[in-house]
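Just so you know, we're using the numbering used here here: the sequence shown kicks off at 7 and counts up by one. Beta carbons: idealized from backbone N, C-alpha and C, even for Gly. Everything on this sheet refers to the single structure shown next.
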Amino acid sequence: MQQRSIQYSLGDREYRLNYWMDGSEGAQEIVLCVHGLLRHSRDFDELIAELSDHFFCVSVDLPGRGQSDWFEEAASYTPENYLPALLSLIATLPDKPIIWVGTSLGGIMGMAYAATPENRLAALVVNDIGAEIPGAALTRIGNYITAPQFSKLEQVEGFLKETYPHYQGLTTEQWSRLATYGSRSEDGKIFLHYDPNIAVNTKAASGEDISLWPLWNLLTVPVLVVQALESDLLTQPILEKMRESSVQFDLQTIQGVGHAPSLMKKSEYLPIVEWIKARFV
Numbered sequence: 007m008q009q010r011s012i013q014y015s016l017g018d019r020e021y022r023l024n025y026w027m028d029g030s031e032g033a034q035e036i037v038l039c040v041h042g043l044l045r046h047s048r049d050f051d052e053l054i055a056e057l058s059d060h061f062f063c064v065s066v067d068l069p070g071r072g073q074s075d076w077f078e079e080a081a082s083y084t085p086e087n088y089l090p091a092l093l094s095l096i097a098t099l100p101d102k103p104i105i106w107v108g109t110s111l112g113g114i115m116g117m118a119y120a121a122t123p124e125n126r127l128a129a130l131v132v133n134d135i136g137a138e139i140p141g142a143a144l145t146r147i148g149n150y151i152t153a154p155q156f157s158k159l160e161q162v163e164g165f166l167k168e169t170y171p172h173y174q175g176l177t178t179e180q181w182s183r184l185a186t187y188g189s190r191s192e193d194g195k196i197f198l199h200y201d202p203n204i205a206v207n208t209k210a211a212s213g214e215d216i217s218l219w220p221l222w223n224l225l226t227v228p229v230l231v232v233q234a235l236e237s238d239l240l241t242q243p244i245l246e247k248m249r250e251s252s253v254q255f256d257l258q259t260i261q262g263v264g265h266a267p268s269l270m271k272k273s274e275y276l277p278i279v280e281w282i283k284a285r286f287v
């Protein structure tokens, strides 16, 4: 994996967007991986390791996460402002079709990209996100956006294990990686590697259902929906309504897991790898 970054503009300000890449830039397609609300680019290492032999793979830190710059204002943390950053990144990549893999918020951004003129989307994988977001789920998510402090990396790892109980089954090496790339050091203290101001808009929207149907109904490319069967975000009623829409999609269900699957376990990422390779290799 090689680390890169670009500069992009939002209003009158310049920001840095961090990403990692692997595979050959001469590949026929690009796999672009976009993480969830409080996650980061290294969530997709296992998936990319399986795909980089055939595809040029890119995994990005959204603004305010990982090693990308934080926005100046809390109100800027919206999908409408993430999209220009992603479009700026895509403009620097080889002019090839894009297979988008998005977890939760990353899936929303994939749908938003599909709605842009002259997009290069060839397929979309959405991990535990659908055409609606229940307000109750947003309330739950908003409540766990905190800014804890730690004195050592092992404490970060312990915190992550408590916050993401459905990640159980990951290896010691995987937990160590999550703690390393999911934290930052400042003045001798360790913090989670995201801007706490992300909570402002999330909490403001909590309690209200959000419709993504205008974006969902525009999809015309092959779609794979990954559903965690214990998810409070992609519920069975929402999935049934999606089945009734004009958008055709394949479904991968994951038992015993809530929102959102880590995609770090073979049982979670190999079906995605097989789905992509069946269509593009």
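Answer yes if the stretch 127-141 comes into contact with the stretch 188-207, meaning at least three C-beta pairs across the two stretches below 8 Å, and no otherwise. Contact fails: fewer than three Cβ-Cβ distances are below 8 Å.
CB Leu230 to CB Trp281, shorter than 8 Å? Yes. Within cutoff.
Output needed for Met248: all residues of its chain with C-beta closer than 6 Å, excluding positions within five of it in sequence on either side, in chain order. Counting only Cβ-Cβ distances below 6 Å, and skipping sequence neighbours, we find Gly136 and Ala137.
Within 10 Å of its beta-carbon, does Arg285 have 16 or more other beta-carbons around it, so buried, or fewer, so exposed? With fewer than 16 other Cβ atoms within 10 Å, it is exposed.
Burial state of Glu52 (16 or more Cβ within 10 Å): Buried, since its Cβ has 16 or more Cβ neighbours within 10 Å.
State the CB to CB distance for the pair Leu239 and Thr259, rounded to an integer number of angstroms; the pair is presumed to be in contact (CB under 8 Å). Contact flag wrong, Cβ pair sits at about 14 Å.
If you measure between the beta carbons of Ser58 and Asn24, is that distance less than 8 Å? No.
To the nearest angstrom, how far is the alpha carbon of Ala210 from that of Leu44? So the two alpha carbons sit approximately 16 Å from each other.
Please classify Asp75: is it buried, with 16 or more other beta-carbons within 10 angstroms of its beta-carbon, or exposed? By the 10 Å Cβ count, Asp75 comes out buried.
Compute the Euclidean distance between the alpha carbons of Leu257 and Thr122, then round it to the nearest angstrom. CA-to-CA, the gap between Leu257 and Thr122 works out to about 25 Å.
Boundaries (first-last residue) of the beta strand (DSSP E) holding Asn24: Its beta strand (DSSP E) spans residues Arg19 to Asp28.
So what does Glu192 bridge to, in DSSP terms? Partner(s): Lys195.
Helix, strand or coil for Gln73 per DSSP? Here Gln73 sits in coil by DSSP.
Sequence-distant residues of its chain with Cβ nearer than 8 Å to Leu144 (five each side left out): Thr208, Ala211, Ser212, Gly213, Glu214 and Ile216, listed in sequence order.
Quick one: which unbroken beta strand (DSSP E) runs of 3-plus residues sit fully inside the stretch 68-132? Chain order, please. Counting only unbroken stretches of 3 or more residues, the beta strand (DSSP E) elements lying wholly within the stretch 68-132 are 104-109, in sequence order.
How is the beta strand (DSSP E) around Gln8 delimited, first residue to last? Its beta strand (DSSP E) spans residues Gln8 to Leu16.
Under 8 Å: do the stretch 63-80 and the stretch 21-41 share three or more Cβ pairs, one atom per stretch? Yes: at least three Cβ pairs fall under 8 Å.
Going by DSSP, what residues sit across from Thr259 in a beta bridge? According to DSSP, which records beta bridges pairwise, Thr259 is partnered with Gln233.
Going by DSSP, name the residue or residues bridged to Ile36. According to DSSP, which records beta bridges pairwise, Ile36 is partnered with Phe62 and Ile104.
Given this structure, state the Cα-to-Cα distance separating Leu218 from Ser268, to the nearest angstrom. Cα to Cα, Leu218 sits roughly 23 Å from Ser268.
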